[in-house]
Amino acid sequence: MSSLGYLKHLPVEYIKIDGGFIKDMLKDAVSKDMVAAINDIGHSMGRPTIAEYVENEAMLRALTTIGVDFVQGFHVGRPALWAQNVEFLAMTQEEMLDPTFQRVRDLKDIADYPAWLSISP
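As structure tokens, this is what we get:
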């Protein structure tokens, strides 16, 4: 059975797109097409997609255009201690966006957030 055959039958909750495709997608049309195809397959299976290795705004914009659901990488956040992630995950969306909220105000910038963020509209 091929890799796609295995994927079709695996009981997975999401599809993670390998960073090797992501890092080359802005300069290599085949890599970009592979990212789009993997995203389309994931969505046709009813699974959200996650792109690794997002290192700049151009990559983030391209992935948003393709329709990838979540991203990971240094552009959206550096790796953090588990305790910091737990505190972040306990926050509501309103708290995250409110500059007067104490926990958010204490964070220096987006790099202090966990290395994944939703990019769905």
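With this note's numbering, you'll find the sequence shown wraps up at 388, consecutive numbering, no jumps. Where is the CB? At the ideal position from N, CA and C, for every residue including glycine.
{"Item": "What is the DSSP secondary structure of Val-297, reduced to helix, strand or coil?", "Value": "helix"}
{"Item": "On the three-state DSSP scale, how would you describe Leu-279?", "Value": "Correcting the residue type first, residue 279 is Val in the shown sequence and not Leu. Coil at Val-279, not helix or strand."}
{"Item": "So is Tyr-281 buried or exposed if we call it buried at 16+ other beta carbons inside 10 Å?", "Value": "exposed"}
{"Item": "So the beta strand (DSSP E) Phe-337 belongs to, where does it begin and stop?", "Value": "337-339"}
{"Item": "May I have the straight-line CA-CA distance separating Pro-315 from Asp-295, to the nearest angstrom?", "Value": "24 Å"}
{"Item": "Assign Ala-303 to buried or exposed, taking buried as 16 or more other Cβ atoms, counted over all protein chains shown, within 10 Å of its Cβ.", "Value": "buried"}
{"Item": "Cutting at 7 Å between CB atoms, please list the residues of its own chain near Val-279, excluding the five before and the five after it.", "Value": "Arg-314"}
{"Item": "Let me make sure I understand the geometry here. Which of Ile-289, Met-312, Asn-306 and Gly-287 has the alpha-carbon closest to that of His-276?", "Value": "Met-312"}
{"Item": "Closer than 7 Å to a non-hydrogen atom of the ligand GDP - does that hold for the CB of Pro-278?", "Value": "For the ligand GDP, the structure offers nothing, since it holds no ligand at all."}
{"Item": "Which two residues bound the contiguous alpha helix (DSSP H) that contains Gly-286?", "Value": "286-291"}
{"Item": "The alpha helix (DSSP H) that contains Arg-328, what's its start and end?", "Value": "324-333"}
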